[in-house]
Structures are given as structure tokens and as C-alpha cells.
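Chemist: Taking our numbering, the leading residue of the sequence shown gets 25, the next gets one more, and so forth. One structure, as C-alpha cells, below. Some questions next.
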Amino acid sequence: MENIVNSFIAHAMKKNPSRNVHLKKGPSKLLEIINSSIVVDQRMYKEDIEGSIAHAKMLGKQKIITKKEEAKIVNGLKIILNNINKRKVRFKKELEDIHMNIESMLFQQIGATAGKLHTARSRNDQVVTDFKMWIKNNSVSLDKHLKKLQKCLINIAKKHTLTIMPGYTHLQVAQPISLAHYCLAYVEMIGRDRLRLKNCIDILNENPLGAGALAGTSFPIDRNYTSKLLNFNKPTVNALDSVSDRDFAVEFLFVLSLISIHLSRMADEIILWANQQFNFVKLPDELATGSSIMPQKKNPDGAELVRGNAGNVIGNLNALLVILKGLPLAYSKDLQDDKKIIFSSYDNICLALDVMTEMWSGITFNTNVMAESVQNSNATATDFANWLVQHLKFSFREAYKLTGKIVAYADKKNKKLHQLELKELQKFNKKINNDAKKTFSVNESVNNKKSFGGTSPQSVKQTIKYAIKKYL
Ligand code: ARG
């Protein structure tokens, strides 16, 4: 008799373990459609099964279920994991989400004992545990993507400590810098992104499993044990907060958004540099497209798409913030959309990082054009002013003024600073000598920026050493 009852329960549970008998009618087609998240959250199947195995082990250890039941559940879950890995299963939309799908598969696999797994657990603590685990797991590969781009930029920097290019402020030529100096700026940005990612993971590293629906549970569970099994630092402190908290997801989205901003700025510069008027770089053919009408065109689509994608990623951050705003404690179904948002931002960023890495690896630099464009921009005016301070004891403001006058004079004569004769310069101050004239050289200018973090080959080489040690 017991067996018949058990198999009856098992059969019903396979259909939908969470459909409560007090709901006389099944969900309408429309509710089924809007409610179902399996297409999205099946990406968390490994985390869901790992979480369930830890939960079952804890229930067994605490004698809430027998050791035999524990073993049966754990085995069943491992078989399901294997089946999903081998793509032997078909997820069902009518079972809503990954949690119900796996529970239903467990019923199919081991019968009524499957019904014991959800003791002292709710989908509310289950989903947030899975979600945190997913972010933790995938942050490892995100970090690898970031590191790969850093490595690629450091390699370019190594080769180009002597390649001179214009440095800009207001997108006006400001001072000469080396290409290495430019690349290392992004290495630092990405370094901070990696640190931010690590901080985000450190903060989210508390285990919500065992919070139940919102109030905790009357079963004698051991949350430290599941925390250990699932590699969390410790259990979360407040059950109500545990199930309603999505701060960690917002923070992760912010980290992704800032990465997208960095990539977008970088992409924008590549687009500019590839423009005919700049002509600083030649893009790899594989990452450019032609036009359907203009045969000569080579468009920087790869970079443009990375720049555009940042809009989606930032939009996603905003979307989750707006979903959370005004949401009463604890769980509401609004929260179900968090995963779609995170997965899409994560995929976007991984792709964008790969595209940028490929772009930098294949790009060629027109180093002569870069050097010429800085040579012809009076970008060393500040160096000349500095010389006046260092050798003629001018105050910086006096030197700045005098240099300004010389620039105006050169403009009037249709000359660049380095084209002025010594005689012409001495009209402004007799003590100006050939040494002063040397400051107009862009190479001199770069060589002299020896301050910590500066653009001289000497400083840049130090920065490269530091970056390799810190980041690679
Ligand atoms: N699929 C749901 C989600 O992703 C799981 C949590 C369901 N909880 C509930 N009380 N209905 O948010």
C-alpha cells in the first residue's frame, strides 16, 4: 500500500513538484509563458545540483533524513548532472525553472525519496545560493579574459617604449608620449577592474542556503557545514535579507559596466586612429568590414560593436536597480529577471574582451605617422617652459607666458617651434641657447619624463616590470 501511495506521489511530483494541491486549476498558458525561466536559468544547473547535494549531505549529517536517503538523493543528483552534461535531458517549460526541473528529474530517478530533498529549504534561498555560486564560478573565467587583454597590451608596450605618439587632452595634441605609456594606462584600468571583481566576490561570499523562505527553519540544520561544502566563507546572518538581497548582482553588473566603459573608450580610440585623418593604425582585415556600395571602405565594425555594446551592459545595470527599487521584503517574482540581466551582460563582456584582445594582437601601427603628427603640433612647448624654469630661474608662470608669446610668433611665421632659429628665439630672451632648443625635440621630451609613472622609456620599463609582477 505504502508503495502504491509513494509511486502515486512520485508520479504527480514528476509533473510539477511545486504545484500545490490547493490550486484547483493549473496555470493558464499565459502565466506559464511569463512565469517560465528555464530557458535562461538552465545555465545554473551545475550550481543547483551542487547546492542540492550539499543540502542533502547536511540533512543526513543532522539526521533530518537517514543516511540511506541521503545516499539515494546524492546518487540520483549525480546521475542527473551526468545526464545534463551529456545533453541527455530535455528541460520542460511547464516546470518553470531549473530548480523544479531538477527536482522533477530526481523524482523520476529515485522515486518518492526525492520529496525529502526540499526539507528545510525554499526555492528562495535555493535560487539566490545558485546565483551567487554562478557569479563566483564565472568570475574566475572573466578574470582570465581580463588578464589576457592585459597581457596583450603589456606585450605591445614592451615593443613600443620608443614609439612616440601624441598624447591628448580635449582631443587636442597635448604632449608627446610613447605608445607603451598609452597601453599601460589601460593595463592599470583593467587591473582595477580585476580588483573590483575580486572585492565584489569577497563581499558576496556568504551562503544564503538555510535561510528558508524568509524566516529560517525549525529543523536543526547546520549552515556552517553547507557553507564549507559550497566554498562560502560563512552563512549569511539574516534570513530575511538573505533571500531578498541582490546587492551582489548589482555590484557585479557595476563591475561589468565599468569594464564595458573601459573597453568602449579603447574602442573609440581605435576607431579614431583608424580614421584616414589620423591614420595611426591599420586594422586587421578580419576585424573590419567593407561597404556594400563604396569599394574602398574598411570599417572598424569590431570596435564599433564593442563601443555600442557598452550601452546594453550599462542599461542592464540600470534595469536591475529599477527592479529592486521599491520591492518589499522578501522575495517577489520580479527578482526572477536578475539572471537574464546578469547572463547577458556577462556574455557581452566576455565577447567584447576577446574582440579587443584580437584587435590589439592584429593591429599594425603607422609609427612614422604617429611621430610626425606630434612633431608638427608644438607639443613640446611645456618642455621649453620647463627649461626656462630650470635654467633661467623663471617662475613657471613667467616661463609659461614667454613660451606662449613664442608660440604666437611661430604661428605668425607659419613655423613650428622646432623650426625656429636660435636668433629668433633669442629675441625673446638672450640667454636662450641651443640646449633650450633641444627641448623642442619630441624624443627629448619623452626621455625627460622620468618621474614615477611618467612616459620616459626608463619609467615605462619600470611600469612594465611592475605590471608583469602584479597582473600576469
Ligand atoms: N525561478 C525563481 C527565480 O528565479 C525561483 C524562486 C522562486 N520562488 C518563489 N517563491 N516562487 O527567482
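Virtual Cβ for every residue (Gly too), placed ideally from N, Cα, C.
Return yes when the C-beta of Gln66 is under 7 Å from any heavy atom of ligand 1, and no when it is not.
Modeler: Mapped onto the sequence shown, residue 66 falls at position 42. No - ligand 1 has no heavy atom lying nearer than 7 Å to the Cβ of Gln66.
Chemist: Under three-state DSSP, which class holds Ile317?
Modeler: Within the sequence shown, numbered from 1, the residue matching residue 317 stands at position 293. Looking at Ile317 - three-state DSSP - the assignment turns out to be coil, as it is neither helix nor strand.
Chemist: In this structure, how does DSSP classify Asn107 when only helix, strand and coil are distinguished?
Modeler: Along the sequence shown, one-based indexing puts residue 107 at 83. Asn107 falls in the helix class under three-state DSSP.
Chemist: With a threshold of 16 other CB atoms inside 10 Å of the CB of Leu351, please say whether the residue is buried or exposed.
Modeler: Position 327 of the sequence shown, counted from the start, is the residue given in the question as residue 351. Exposed: under 16 other Cβ atoms inside 10 Å.
Chemist: Among Lys349, Glu396 and Trp384, whose alpha-carbon lies nearest the alpha-carbon of Tyr206?
Modeler: Along the sequence shown, one-based indexing puts residue 206 at 182. When each option's Cα is compared against that of Tyr206, the closest is Trp384.
Chemist: Under 8 Å by Cβ, that's how I've got Phe246 and Lys85 pegged, so tell me the actual separation to the nearest angstrom.
Modeler: Translated into the one-based positions of the sequence shown, residue 246 becomes position 222. Translated into the one-based positions of the sequence shown, residue 85 becomes position 61. In the sequence as presented, Phe is not what sits at residue 246; that position holds Asp. About 7 Å separates the two Cβ atoms, so the contact holds.
Chemist: In chain order, what residues of the same chain lie with their CB nearer than 7 Å to the CB of Val398, ignoring the 5 residues before and after it?
Modeler: By 1-based counting over the sequence shown, the position of residue 398 is 374. Excluding residues within five positions, the ones whose Cβ falls inside 7 Å are Ile188, Met189, Pro190, Val197, Pro200 and Val466.
Chemist: Judging by CA-CA distance, which residue of Ala204, Leu426 and Met124 is the nearest neighbour of Asp407?
Modeler: By 1-based counting over the sequence shown, the position of residue 407 is 383. Per the Cα distances, Leu426.
Chemist: If we count the other Cβ atoms within 10 Å of its Cβ and call it buried at 16 or more, is Asn107 buried or exposed?
Modeler: Along the sequence shown, read from residue 1 onward, the residue named residue 107 stands at position 83. Result: exposed.
Chemist: In the structure shown, what three-state DSSP assignment does Thr479 receive?
Modeler: For the purposes of this step, residue 479 is taken as residue 455 along the sequence shown, with counting starting at 1. DSSP places Thr479 in coil when its eight states are reduced to three.
Chemist: Taking the beta carbon of Gly507 as the centre, do at least 16 other beta carbons fall within 10 Å, making it buried, or is it exposed?
Modeler: In the structure as shown, the chain begins at 25 and stops at 496. Residue 507 is therefore absent and cannot be evaluated.
Chemist: With distance defined between alpha-carbon atoms, name the residue in Leu282, Pro232, Leu253 and Leu277 nearest to Leu264.
Modeler: Taking the first residue of the sequence shown as position 1, residue 264 is located at position 240. That would be Pro232, whose Cα lies nearest to the Cα of Leu264.
Chemist: Taking only heavy atoms of ligand 1 into account, decide whether any of them is closer than 7 Å to the Cβ of Val63.
Modeler: Within the sequence shown, residue 63 is the residue found at index 39, counting from 1. Every heavy atom of ligand 1 is 7 Å or more from the Cβ of Val63, so no.
Chemist: Residue ranges of each alpha helix (DSSP H) run of no fewer than 4 residues wholly in the stretch 276–348, ordered along the chain?
Modeler: Segments of the alpha helix (DSSP H) lying fully in the stretch 276–348: 325–348.
Chemist: On the criterion of 16 or more Cβ atoms from any shown chain inside 10 Å, does His46 qualify as buried, or is it exposed?
Modeler: Position 22 of the sequence shown, counting from 1, holds the residue named residue 46. Answer is exposed; the Cβ neighbour count stays below 16.
Chemist: Decide if Leu166 is buried, meaning its Cβ has at least 16 other Cβ atoms within 10 Å, or exposed.
Modeler: On the sequence shown, position 142 is the one that residue 166 refers to. Buried.
Chemist: Are there any heavy atoms of ligand 1 lying less than 7 Å away from the beta-carbon of Asn148, as far as the coordinates show?
Modeler: Translated into positions along the sequence shown, residue 148 becomes position 124. Yes, the Cβ of Asn148 comes within 7 Å of a heavy atom of ligand 1.
Chemist: Quick one: using the 10 Å Cβ neighbour count with 16 as the cut-off for buried, is Arg218 buried or exposed?
Modeler: Your numbering for residue 218 matches position 194 in the sequence shown. Looking at its Cβ environment, which holds 16 or more other Cβ atoms inside 10 Å, Arg218 is buried.
Chemist: Within 10 angstroms of the Cβ of Leu141, are there 16 or more other Cβ atoms? Answer buried if so, exposed if not.
Modeler: Mapped onto the sequence shown, residue 141 falls at position 117. Leu141 comes out buried.
Chemist: Using DSSP bridges, identify the partner residues of Pro200.
Modeler: Looking up residue 200 in the sequence shown gives position 176. Per DSSP, Pro190.
Chemist: On the three-state DSSP scale, how would you describe Phe389?
Modeler: Along the sequence shown, read from residue 1 onward, the residue named residue 389 stands at position 365. Here Phe389 sits in strand by DSSP.
Chemist: Measuring from the CB of Glu120, is there a heavy atom of ligand 1 at a distance below 7 Å?
Modeler: In the sequence shown, counting from the first residue as 1, residue 120 sits at position 96. It does: the Cβ of Glu120 is within 7 Å (strictly closer) of some heavy atom of ligand 1.
Chemist: Between Val274 and ligand 1, is there a pair consisting of the residue's CB and a ligand heavy atom that are separated by less than 7 Å?
Modeler: Sequence index remark: in the sequence shown, residue 274 carries index 250 (1-based). The answer is no for Val274.
Chemist: Return yes when the C-beta of Tyr69 is under 7 Å from any heavy atom of ligand 1, and no when it is not.
Modeler: To locate residue 69, count along the sequence shown from 1; it is residue 45. Flag unset: Cβ of Tyr69 not near ligand 1.
Chemist: Out of Ile103, Thr153 and Gly139, which has the shortest C-alpha to C-alpha gap to Glu93?
Modeler: Residue mapping note: residue 93 aligns to position 69 of the sequence shown, counting from 1. The shortest Cα separation from Glu93 among Ile103, Thr153 and Gly139 belongs to Gly139.
Chemist: Is it buried or exposed, Leu148, if we count other Cβ atoms within 10 angstroms and call 16 or more buried?
Modeler: By one-based count along the sequence shown, residue 148 stands at place 124. Checking the sequence, you will find Asn at residue 148 rather than Leu. Burial call: buried.
Chemist: Please determine whether the Cβ atom of Lys485 lies at a distance below 7 Å from any heavy atom of ligand 1.
Modeler: Along the sequence shown, read from residue 1 onward, the residue named residue 485 stands at position 461. No - ligand 1 has no heavy atom lying nearer than 7 Å to the Cβ of Lys485.
Chemist: By how many angstroms is the C-alpha of Phe131 removed from the C-alpha of Glu118?
Modeler: Working through the sequence shown from its first residue, we reach residue 118 at position 94. Working through the sequence shown from its first residue, we reach residue 131 at position 107. The straight-line gap from Cα to Cα measures roughly 16 Å.
Chemist: With Met68 as the anchor, note down where its alpha helix (DSSP H) starts and where it stops.
Modeler: Start at 1 with the first residue of the sequence shown, and residue 68 comes out as number 44. Here Met68 belongs to no alpha helix (DSSP H), and DSSP marks it neither H nor E.
Chemist: Would you list the one or two residues that DSSP bridges to Glu230?
Modeler: Taking the first residue of the sequence shown as 1, we reach residue 230 at position 206. For Glu230, which the question treats as bridged, DSSP gives the partners Lys258.
Chemist: Counting pairs of beta carbons, one from the stretch 287–306 and one from the stretch 346–364, are three or more of them closer than 8 Å?
Modeler: The stretch 287–306 vs the stretch 346–364: no contact.
Chemist: In three-state terms, what does DSSP make of Lys120?
Modeler: Taking the first residue of the sequence shown as 1, we reach residue 120 at position 96. Just to set this straight, residue 120 is Glu in the shown sequence, not Lys. DSSP places Glu120 in coil when its eight states are reduced to three.
Chemist: Could you compute how far the alpha carbon of Ser419 sits from the alpha carbon of Asn410?
Modeler: For this step, residue 419 is matched to residue 395 along the sequence shown. For this step, residue 410 is matched to residue 386 along the sequence shown. Their backbone Cα atoms lie some 9 Å apart in a straight line.
Chemist: What first and last residue would you give for the alpha helix (DSSP H) that runs through Asp435?
Modeler: By one-based count along the sequence shown, residue 435 stands at place 411. Segment Phe420 to Lys436, the alpha helix (DSSP H) holding Asp435.
Chemist: Secondary structure at Asp407, three-state DSSP: helix, strand or coil?
Modeler: Stepping through the sequence shown from its first residue, residue 407 is reached at position 383. Three-state DSSP puts Asp407 in a helix.
Chemist: Going by Cα to Cα distance, which pick from Leu412, Glu127 and Lys172 is closest to Lys462?
Modeler: Along the sequence shown, read from residue 1 onward, the residue named residue 462 stands at position 438. Minimum Cα distance to Lys462 is reached at Leu412.
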